[in-house]
Amino acid sequence: MNWLNKMERRFGRFAVPNLILYLIGAYLIGFVLYRMAPGFLSYLVLSPYHILHGEIWRLVTWVLMPTDSNLFFLMIMALLYYQLGTALERTWGTFRFNVYIFSGILFTVLGAFLLYAIMYVINGGVSLGMLSIGYGFSTNYINMSIFLAFALTYPEMQVMLMFVVPVKMKWMAAVYGILTVLQFVESDWTGRISIFMSLLNFIIFFLSTRDFRRYTPHEIHRRQQFKAQTRRPAGYPGGAKHKCAVCGRTDLDDPTLEFRFCSKCEGNYEYCQEHLFTHQHKRSI
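So the mapping is simple: our numbering equals the position in the sequence shown, first residue as 1, plus 145.
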């Protein structure tokens with residue numbers, strides 16, 4: 146990801162430390178507004194129609210929409226995502242964590258406008274259903290992208306489900322992933338675009354961390370060759386299990402010697418620790 150490294154060198158000083166705290170703070174403000182003036186939240190949702198008609202604050206204020214109407218569950222969510230977010234920021238660095246969160250927000254906004262454009266073309270203009278598009282877009286899936294990214298970064302970390310059952314992050318992520326796919330399949334186009342665009346930052350992150358070169362025919366053949374080369378020989382005279390192809394010493398001559406196979410040599414050649422990096426690679430003619 147050289148482009149991200151270049152961006153960090155150029156814009157890293159503008160990164161916002163502890164961004165997860167601001168995100169959680171926005172949820173709490175939204176919860177207070179929900180309790181005190183629930184009707185006011187309709188002026189904050191991500192509605193492309195209203196944004197195009199001058200209400201540009203909606204590009205930002207939709208982040209205030211609370212993720213839960215129950216204070217207890219909201220506080221549990223806030224504590225969980227504070228821990229996940231701070232851990233990811235420590236691991237990735239402030240700038241990369243900022244890019245991840247802001248790209249999720251940006252993709253969600255683009256998804257809302259994409260859906261608005263599609264419905265505008267289909268209906269031949271503005272329809273009543275287009276006014277409620279914003280209610281289908283929230284930060285729920287941005288939170289999900291944080292959870293999935295953490296599970297991908299720390300797959301073996303164990304958490305206590307319901308404070309009782311120990312479960313590894315990778316299995317929880319697998320369950321959430323399956324449920325999200327099912328929800329994607331069962332949803333209408335509004336729900337599908339909302340889910341896909343809100344999780345697009347995670348999809349890009351996932352694909353960028355995969356080494357797809359290992360699945361090319363050349364790499365598969367190379368690994369198969371290497372495995373064939375590293376199969377232990379039946380044995381050497383005297384009962385030795387290892388023998389250096391350069392100096393001829395075996396594990397019987399010096400039990401402290403370490404032997405390794407060379408992945409660059411064509412054939413079943415083993416070398417002691419002194420000649421593993423200094424020998425001339427053997428190639429078939």
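From the three backbone atoms N, C-alpha and C, an ideal C-beta is built for every residue, glycine too.
Please read these numbers as outputs of a predicted model, since none were measured by experiment.
One alpha carbon belongs to residue 248, the other to residue 346, and they sit about 6 Å apart. Taking a contact as a CB-CB distance under 8 Å, the pair residue 203 and residue 189 counts as one, their CB atoms being some 7 Å apart.
Under DSSP, residue 404 forms a beta bridge with 417. In the structure shown, residue 305 falls within a strand segment according to DSSP collapsed to helix, strand and coil. Nearest C-alpha to residue 153 among 215, 238, 166: 238. Apart from the 5 residues on each side of it in sequence, residue 227 sits with its Cβ closer than 8 Å to the Cβ of 165, 166, 169 in its chain, given in chain order. One Cα belongs to residue 222, the other to residue 406, and the distance between them is close to 51 Å.
In this structure, the beta-carbon distance from residue 191 to residue 257 falls below 8 Å. Here DSSP, grouped into helix, strand and coil, assigns residue 386 to coil. Residue environment: residue 182 is assigned as exposed (fewer than 16 neighbouring CB atoms within 10 Å of its CB, all protein chains considered). In terms of Cβ geometry, residue 233 and residue 287 do not form a close pair [threshold 8 Å]. Under the three-pair Cβ rule at 8 Å, the segment 385-397 counts as touching the segment 417-425. A distance below 6 Å between beta-carbons, with the five flanking residues on each side excluded, links residue 172 to the following residues of its chain, in chain order: 211, 212. Non-local C-beta neighbours of residue 244 in its own chain, meaning closer than 8 Å and more than five positions away in sequence, comprise 149, 152, ordered along the chain. For secondary structure counted as the beta strand (DSSP E) over 3 or more consecutive residues, the segment 233-304 holds no complete run. About 7 Å separates the beta carbon of residue 328 from that of residue 340, a gap short enough to meet the 8 Å contact definition. Within a 10 Å sphere around the beta-carbon of residue 353 sit fewer than 16 other beta-carbons, which makes this residue exposed.
It is roughly 11 Å from the alpha-carbon of residue 196 to the alpha-carbon of residue 261. Ranked by how close their Cα comes to the Cα of residue 278, the residues 344, 296, 254 have 254 in first place. Less than 8 Å divides the Cβ of residue 342 from the Cβ of residue 252. Spatial neighbours of residue 283 in its own chain (CB-CB distance under 6 Å, excluding positions within 5 residues in sequence) are listed in chain order as 210. Residue 231 and residue 193 have their C-alpha atoms spaced approximately 32 Å apart. Positions of the alpha helix (DSSP H) runs, each at least 4 residues long and wholly inside the segment 168-217, are given as 193-197, 203-206 in order along the chain.
Counting along the chain, residue 313 sits inside the beta strand (DSSP E) bounded by residues 310-313.
Linking residue 414 to residue 351 through their CA atoms gives a straight-line distance of about 38 Å. Sixteen is the threshold: when 16 or more other Cβ atoms of the shown chains lie within 10 Å of the Cβ of residue 206, as they do, the residue is buried. Under the criterion of beta carbons closer than 8 Å, residue 402 and residue 383 do not qualify as touching, at roughly 15 Å.
Taking residue 301 as the centre and dropping the five residues before and after it, the same chain places the C-beta of 313, 314, 315 closer than 8 Å to its C-beta, in chain order.
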